[in-house]
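Take a look at the structure below.
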Amino acid sequence: TVPQIQATLRHSNRLKKFSEPWLLPHGALAKKHASKLKLPSQSLFNKTIALLFSKRSTRTRLAAETSATLLGGRALFLGRDDIQLGVNESPRDTARVIGGMCQGIFARVGEHEEIEELARHSPVPVLNALSSLWHPTQILADLLTLHEHAYLFEENGVAPPPDGIAGTPVFQELRPLTVAYVGDAANVLHDMLVTYPRLGHKLRVASPPQYRAPAEVWRRVEELGCDKDIWWGEDPKEAVKGADVVVTDTWISMGQEAEKAERLKAFEGYQVTEEMCRLGGANPNWKFMHCLPRKPHEVDDEVFYGPRSLVFPEADNRKWTIMALFDNLFGRWTHESYTKPQ
Ligand code: CP
Ligand code: NVA
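Read in order, the letters of the sequence shown correspond to residues -13 to 328 in our numbering.
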C-alpha cells in the first residue's frame, strides 16, 4: 500500500542515519545504548534470512548480505548450484525446509509463478528479489534516491545540509514529477507502472510495439487505477517530453541472451542520450536512473557517467531499503525504540 511504501522509505533513510554509530567502537551513541537490546545491530539477533537466488546478482545480494550483518543477523546465500532445488527437490519441499530453519526467504527466480509457489508453501515470509514480472525492491531504492535528491527538482535547486553522521542526505517531500521510461518493458518498469502514479507522479513510456507489458501486469495497473497517469507510445522523443527523470533498463534481461540480435535490432533508436532528451523536450535539468547492471546499448557514457546520473546513489540505496524491509518483516528494531528514552 502507499502508506507502507512511504513508511518504508522513511525508515530506510533513518536506518542509513543511525547505522553508522554502531560501527564506531567508541561512538558515544553506541556506548550510551550498548546495554539495551534495542539497537539496529540487534534487530536480527539469532535470525537467518535465506537468499534463494536462481539468477546472478551483485547489488541485491550485496544489499541483503551487508544489511543483515548490520542488523545483527545472517543472510545465507543459496545459489542455484548450491542446493537440491530444481534438480532433486521441489519448490514446495524446499520452501518448507528453509522455513523450518530460517526466519525469512528473499528469493530471486525465473518465472514469476516460481515465487508464488514458494510463498504458498513457505511457513515464513517470502520477499521478491526479482522475478520475470516484478522487481519491487528496486523501486523502493529509486524512490528513496529521488526523495534524497528532491532539491534537484525544485526551482532554487539548493541541497539541504546532510543530517546523518555519515552525511546522509535529507529525506524531503517530492513535487509531482514526470518520469519517462525508454526501452524494454520488463520487471523494473512493471513495478514503476504500479507505484509511481499512486504516489502522484506521471509516467511516460516508449517501447517498440512488440515489447509491451503483459496482460497480467496491465490488469494490475488498471486495478490500482494507475493507467490514467501513464502515457505509452513508440517514440522515445515523445516519451521524454517534459521529463524530470529519464529511466531505462537493459534491453536483454537475464534469461533473454538468445534473443540478443533480435532485441538489439528492435530497440535501435531507443538509446538514452543528451540529444534524444534535448530534441524530445525533456526538462533541461533532467536526471537519469538505471537499476544496473548497465550495458552501453541502452544509455551512452555521456549520460551514464555524467552529472545528471543518479545511478550510483541509487545502487547504494538498495542496501538501506532492503535493510528497512528486513527490519520490518523479520527484525525487532524500530526508530521509536531508539529515540525514546528506555
Ligand atoms: N539492480 C539489481 O537488481 O542488480 P543485481 O541484479 O546486481 O542485484
Ligand atoms: N530487467 C533486468 C533487471 C536486472 C536488475 C533483468 O531482469 O535482468
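We put the beta carbon where it would ideally sit given N, CA and C, even for glycine.
Source: prediction; values computed, not measured.
Check your understanding: Is it the case that the CB of residue 277 approaches a heavy atom of the ligand NVA more closely than 8 Å?
Key -> yes
Point to revise | For residue 304, the three-state DSSP class (helix, strand or coil) | key: helix
Check your understanding: Taking DSSP as the reference, what is the three-state secondary structure of residue 280?
Key -> Residue 280 falls in the coil class under three-state DSSP.
**Study point:** First through last residue of the beta strand (DSSP E) which encompasses residue 65
**Key:** 60 to 65
**Study point:** Contact belief for residue 237 with residue 288 at Cβ below 8 Å, rounded distance in angstroms
**Key:** Not quite, the Cβ-Cβ distance comes to about 19 Å (not below 8 Å), so this is no contact.
Exercise for review: Report the rounded CA-to-CA distance for residue 184 versus residue 217, giving the unit in angstroms.
Suggested key: 15 Å
**Study point:** Selected residue, minimal CA-CA separation from residue -5, among 122, 41, 79
**Key:** Of the listed residues, the one whose Cα sits closest to residue -5 is 122.
Practice item. With DSSP collapsed to three states, give me the class of residue 275. Key: strand
Point to revise | residue 42 classed as buried or exposed, judged by whether at least 16 other C-beta atoms fall within 10 angstroms | key: exposed
Check your understanding: When you compare each of 239, 310, 175 to residue 279 by their alpha carbons, which one comes out closest?
Key -> 239
Practice item. Could you have a look at residue 327 and say whether DSSP puts it in helix, strand or coil? Key: Caution applies to residue 327, whose pLDDT of 42 falls short of 50 and renders its modelled position unreliable; the value that the coordinates give is listed next. It is coil, neither helix nor strand.
Point to revise | Proximity of residue 165 and residue 230 at Cβ, strictly below 9 Å | key: In this structure, residue 165 lies near residue 230, with their beta-carbon atoms less than 9 Å apart.
**Study point:** the region 240 to 248 in contact with the region 258 to 266 per 3-pair CB rule at 8 Å
**Key:** In the pairwise beta carbon analysis, the region 240 to 248 is classified as not touching the region 258 to 266: fewer than three pairs are separated by under 8 Å.
Exercise for review: Could you check which residue in 120, 132, 33, 48 has the C-alpha nearest to that of residue 272?
Suggested key: 132
Review point. If you check the beta carbons only, do residue 69 and residue 81 fall under 9 Å apart?
Key: For residue 69 and residue 81, no; Cβs fall outside 9 Å.
Check your understanding: What distance in whole Å lies between the Cβ atoms of residue 62 and residue 37, which are believed to be in contact at a cut-off of 8 Å?
Key -> About 6 Å; that satisfies the 8 Å criterion.
Practice item. Starting from residue 114, follow the beta strand (DSSP E) in both directions and report where the run begins and ends. Key: 112 to 114
Check your understanding: At a cut-off of 8 Å, is residue 178 close to the ligand NVA when judged by its beta-carbon and the heavy atoms of the ligand?
Key -> Checking every heavy atom of the ligand NVA against the Cβ of residue 178, none is found closer than 8 Å.
Check your understanding: What is the DSSP secondary structure of residue 182, counted as helix, strand or coil?
Key -> helix
**Study point:** Ranges of the alpha helix (DSSP H) found wholly within the region 208 to 285, counting only runs of at least 4
**Key:** 222 to 225, 246 to 252, 260 to 266
Exercise for review: Spatial neighbours of residue 9 within its chain, please: CB distance less than 6 Å, with the 5 preceding and 5 following residues excluded, ordered by chain position.
Suggested key: Model confidence at residue 9 stands at a pLDDT of 45, short of 50, so the residue's coordinates are unreliable; what they give is reported in the following sentence. Cβ within range, chain order: n/a, list empty.
Review point. Is residue 20 helix, strand or coil when you go by DSSP?
Key: Interpretation of residue 20 is limited by its pLDDT of 44, a score under 50 that renders its predicted location unreliable; no figure is taken from the coordinates.
Check your understanding: Exposed or buried, which one is residue 307 when buried takes at least 16 other CB atoms within 10 Å?
Key -> buried
Review point. CB of residue 170 to nearest heavy atom of the ligand NVA: below 8 Å?
Key: Yes; taking the cut-off as 8 Å, the Cβ of residue 170 has a heavy atom of the ligand NVA nearer than that.
Point to revise | Simplified DSSP state of residue 69, which is helix, strand or coil | key: coil
Check your understanding: Going straight from the alpha carbon of residue 250 to that of residue 274, what length do you get?
Key -> 21 Å
**Study point:** Rounded straight-line distance, which links the Cα of residue 232 to that of residue 137
**Key:** 17 Å
Review point. DSSP state of residue 8, grouped into three classes?
Key: Low per-residue confidence applies at residue 8: pLDDT is 46, beneath 50, and the placement is therefore not dependable, though the value from the model is reported in the following sentence. Correct three-state label for residue 8: helix.
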